[in-house]
Structures are given as C-alpha cells and as structure tokens.
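Okay, so here's the structure we're looking at.
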C-alpha cells in the first residue's frame, strides 16, 4: 500500500488538561497518523522558572522524535500576573519567539507571543504517544485550546 | 511501494557494548527515528554517543553527539532528522540521522556506539521506527 500523501487532514481538538498538567494523546489502534501542525495556549502562573516547551513522539520505550524550543519561557521573578502565550508546532524549521503578534497578549509586557517548535511529519504507528509539555511546568500553569492538524489512515 | 513505519526493537546488549541492527536480506529500510537508554557507570571518561550506517567495508553515514554523558547518569539517546532541532532539556542527548534521504540496502548495519564506552555502562530499550520495503 502506498501511503505517501493520502488522506485529508482533520483538525482534532482536545479537552483542556488540568492545571499543571500537559497534553498527550495516542494514535488509536488500527490507524496511523501524520501530525502536520498544531497549537495550544499556555497561561503560566506567577511562579518564576524557566519553562521550556517540548514535544515528543514516543512508542513504547522508543522515542521517535523529540524537539524543544530553544527559548526558555522565562517568567520574570518580578511579575505577579499570569503570563499568556500561544504555542505552535508545525512541519518545518522552528521560529523561536515571534514578537509583537496579536495573540493573547493580556498582561504580557514583553510583547512576546508566539513560541514555535519544528516537527517532522512522520507516519506514526498505532500506540504512539504525542506529548506536548513544558520542562519545569508549574502546578498553576494552565494549558488550553489544544488542536492538531492530523492526517489519519486506517491500516 | 512506500509503507508505514514499524517499531523495531532488539534485546538489550551486554554491559559495556553498543547496539546493532542489520537490514534483512531482501529488504530496504528507511529509519525515521529511534532511541536507546544509556546508563553510565561511575567511571569518569568522555563517552560520545554515535550512530553509524556501514556495510562491512565502509561507512555510509556517521553522526555523533558533541556532548559526552556524565558518569553515573541516565540518558535517553534519541536519533531523528535534524532539521528542526534546537535544544532538548528533556532527553539530554540527540544525534541527527538523515531520515528522508537514505534507503538502506540489505546487509547495512546500523550501529549505535559510544566512544570510550566502559565495561559497566548499560544500553537498553533500543528501538527504531523503520519503514521497510521489499525492493
């Protein structure tokens, strides 16, 4: 069977994780997925720490792909407000921060809004976990609006 | 015909040894990514993780990590296409492989090594996402 380029992408959306928890989903039995892109919103609590956005594809004990954004999501120690940022991941190279975009900029004095990670659109076999998280994620951090453009085929 | 990937795993190598897989007779492989776990012993030395594609007479491709794992530490060594990589605080060690470009013919050895590996070091959980075809 040739699977190169078959299938039309579907936008998949997911329930918000609990505060302090990250996002993960699993390729269902009987399917293979290619993830072409996606995004989520992060509202970081006032806790100051270096949060590094990271994404991986993992099947069993095998990591298929791992990537982090090279820019720490650093909440300044003097800030007492919630820090909002839109995170994206897509096929292709990363863009680090994209400054000045009109994403959810409430209480964002630095004007830094979009944080991206480059991924590879690899066919992921059933059972593969797609996880997006932040290194040093804090208990009060809230992830929401998780969505992905997924090409799915039955195998 | 292009195919979907399969996770290929092998039994854990002996302590002090790297891992190896070989493309089977009558097949060709494209490696899209993979990993192994590495537990270093207490011996302090520079162990540089590497991955090599070789066919018994010459090296087809070679990649290495520039950062040596510390002694008495636990790492996941990850191999995947390098184009999108920046930093990785979570996994600690990464080596690029040219996933899109290379169909590996039968008999090619894929060797996950460590320069200066020590007798007490242990490699485990070796797995690769492999696209396999019958040419």
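Residue numbers (our numbering), protein chains in the order written: chain A, 1 to 155; chain B, 156 to 290. Ideal Cβ placement from N, Cα and C applies to all residues, glycine included. No experiment lies behind these values; they were computed from the predicted model shown.
query: Beta-carbon gap between residue 122(A) and residue 188(B) smaller than 8 Å; result: yes
query: Any non-hydrogen atom of the ligand NAP closer than 7 Å to residue 128(A) Cβ; result: Here there are no bound small molecules, and the ligand NAP is not part of this structure.
query: Cβ pair residue 68(A), residue 54(A) closer than 8 Å; result: yes
query: Buried or exposed (CB count within 10 angstroms, at least 16 for buried), residue 290(B); result: exposed
query: Assigned exposure category for residue 150(A) - 16 Cβ within 10 Å defines buried; result: buried
query: Cβ neighbours of residue 250(B) in the same chain (closer than 8 Å, five flanking residues each side left out); result: 204, 205, 206, 218, 219, 220, 232, 233, 234
query: Chain-ordered chain B contacts of residue 62(A) [CB-CB under 9 Å]; result: 162, 163, 164, 188, 189, 190, 191, 280, 281, 282, 283, 284
query: CB contact below 8 Å: residue 222(B) versus chain A; result: no
query: CB contact flag (residue 266(B), residue 194(B), <8 Å); result: no
query: Chain A contact for residue 236(B) (CB, 8 Å cutoff); result: yes
query: 8 Å Cβ cutoff, residue 249(B) in contact with chain A; result: yes
query: DSSP three-state assignment for residue 222(B), whether helix, strand or coil; result: coil
query: Residue 24(A), enclosing beta strand (DSSP E) - first and last residue; result: 23-26
query: Exposure label - residue 225(B); buried when at least 16 CB within 10 Å; result: exposed
query: Segments of 3+ residues assigned as beta strand (DSSP E) that fall wholly inside the region 169-241 of chain B; result: 174-177, 183-194, 203-209, 214-219, 229-235
query: Proximal residues, the region 119-133 of chain A versus chain B, C-beta separation under 9 Å; result: 119, 120, 122, 123, 124, 125, 127, 128, 133
query: Under 7 Å from the C-beta of residue 32(A): neighbouring residues of chain D; result: Any reference to chain D falls outside this structure, whose protein chains are A and B.
query: Residue 65(A) vs residue 119(A) beta-carbon contact at 8 Å; result: yes
query: Residue 155(A): contacting residues in chain B (beta-carbon distance under 7 Å); result: 159
query: Bridge partner(s) assigned by DSSP for residue 251(B); result: 235(B)
query: Cα-Cα separation between residue 137(A) and residue 148(A), rounded to whole angstroms; result: 21 Å
query: Extent of the continuous beta strand (DSSP E) to which residue 258(B) belongs; result: Careful: residue 258(B) lies outside any beta strand (DSSP E) and carries neither H nor E.
query: Neighbourhood of residue 192(B) by C-beta distance below 6 Å, restricted to the same chain and skipping five residues each side; result: 231, 279, 280
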